[in-house]
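Down below is the structure, laid out as structure tokens.
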Amino acid sequence: MRSFTGTGLVVTALTATVAALLFPLWSYRDRTGTGAVDLTAGSVATPYGPLSALDRDFVDRVRLAGLWELPAGQQAEQRGTTAGVRRAGEHLVEGHTALDRHVREVADRLGIDLPSQPNAQQRQWLTRLGAAHGDAYDREFTNILRLAHGTVFTVVAQVRATTRNSAVRELADDANTTVLDHIKVLEDTGLVDFDGIAAHTKLQQPPPPTAVPSGIRPPSAFPLPPAATRPEPSPATPSSPGPSEK
Numbered sequence: 001m002r003s004f005t006g007t008g009l010v011v012t013a014l015t016a017t018v019a020a021l022l023f024p025l026w027s028y029r030d031r032t033g034t035g036a037v038d039l040t041a042g043s044v045a046t047p048y049g050p051l052s053a054l055d056r057d058f059v060d061r062v063r064l065a066g067l068w069e070l071p072a073g074q075q076a077e078q079r080g081t082t083a084g085v086r087r088a089g090e091h092l093v094e095g096h097t098a099l100d101r102h103v104r105e106v107a108d109r110l111g112i113d114l115p116s117q118p119n120a121q122q123r124q125w126l127t128r129l130g131a132a133h134g135d136a137y138d139r140e141f142t143n144i145l146r147l148a149h150g151t152v153f154t155v156v157a158q159v160r161a162t163t164r165n166s167a168v169r170e171l172a173d174d175a176n177t178t179v180l181d182h183i184k185v186l187e188d189t190g191l192v193d194f195d196g197i198a199a200h201t202k203l204q205q206p207p208p209p210t211a212v213p214s215g216i217r218p219p220s221a222f223p224l225p226p227a228a229t230r231p232e233p234s235p236a237t238p239s240s241p242g243p244s245e246k
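Residue 1 is where the sequence shown starts when you use the UniProt record's numbering, and the numbers rise one by one after that.
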């Protein structure tokens, strides 16, 4: 019961962090109830294609992720009480070392100024992890990082699907691979509270659009094609009768 309660508190306490992670993405959502999203807002021209405000925010957040998750991984390598937690820490260190190198290179190409330290909320999480010990540390590390990565995963997908900038697209590909690897090793610890994460994520989802934008047909206007089936073998061509059959 103590373990379940502790994990629930970890997940509940992450509300502010997840809201901060999702706010930039939600801020681009249409506020009129039509469901339309202006993904080109604040775009500027670059040699790699238009760079939108969402693109710039994504680059900034990839850098921020490395600034707090890399030291968190180093800490887990040293303080994790299980091989799984230490392995997850090792993957965070390796992944964010490479990803941070990539994001700094992309920022230089695009002329984007990057942060040099974690934000206030991320520093609070590092402080929280620093105060935990033993099994409590393992569970806090695993669930804080798993929920954060799951949230970022949706943002990466959104940017990868919509960006018109080739440099941002390459960074999104790299981030997608890195985040998915981290999600898997965190889950391999066996300490992830999936029920808590699912409940928390459901609470954070924005409301569905109230109307279909003009000019966009509803899904029902696109009927599904018939189910794929294996083609029937063509009938064999009758062979010419042999000499004995004539």
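From the three backbone atoms N, C-alpha and C, an ideal C-beta is built for every residue, glycine too.
{"Item": "Taking the straight line between their C-alpha atoms, what separation do you get for Pro47 and Leu171?", "Value": "16 Å"}
{"Item": "Based on DSSP bridge pairs, tell me the residues matched to Val103.", "Value": "Val103 is not bridged to any residue."}
{"Item": "Over what stretch of residues does the alpha helix (DSSP H) that includes Ile112 continue unbroken?", "Value": "That residue, Ile112, is in no alpha helix (DSSP H); it is neither H nor E in DSSP."}
{"Item": "Over what stretch of residues does the alpha helix (DSSP H) that includes residue 261 continue unbroken?", "Value": "Because the chain spans 1 through 246 in this model, residue 261 falls outside it and cannot be assessed."}
{"Item": "Mapping the DSSP letters down to three states, classify Val185 as helix, strand or coil.", "Value": "helix"}
{"Item": "If I measure Cβ to Cβ from Leu180 and keep anything under 8 Å in the same chain, skipping five residues before and after, which residues do I get?", "Value": "Phe153"}
{"Item": "Going by the CB atoms, is the gap between Val155 and Phe58 shorter than 8 Å?", "Value": "yes"}
{"Item": "For Ala72 versus Leu126, is the C-beta spacing smaller than 8 Å?", "Value": "yes"}
{"Item": "DSSP three-state label for Val192, please.", "Value": "coil"}
{"Item": "At which residue ranges does the region 111-153 contain complete alpha helix (DSSP H) runs of 4 or more residues, listed in the order of the chain?", "Value": "120-131"}
{"Item": "Report yes if the CB atom of His96 is closer than 8 Å to the CB atom of Gly130, and no otherwise.", "Value": "no"}
{"Item": "Looking at the strands, I want to know which residues DSSP matches up with Val44.", "Value": "Leu51"}
{"Item": "State the DSSP-derived secondary structure class of Arg87, mapped to helix, strand or coil.", "Value": "helix"}
{"Item": "Given a cut-off of 8 Å, decide if Val106 and Ala198 are closer than it, judged by their beta-carbon atoms.", "Value": "no"}
{"Item": "Quick one, which of Thr151, Gln121, Thr82 and Arg123 has its alpha-carbon nearest His133's?", "Value": "Thr82"}
{"Item": "May I have the straight-line CA-CA distance separating Arg104 from Leu110, to the nearest angstrom?", "Value": "10 Å"}
{"Item": "Report the rounded CA-to-CA distance for His91 versus Arg101, giving the unit in angstroms.", "Value": "16 Å"}
{"Item": "What's the gap between the Cα of Phe194 and the Cα of Gln124?", "Value": "23 Å"}
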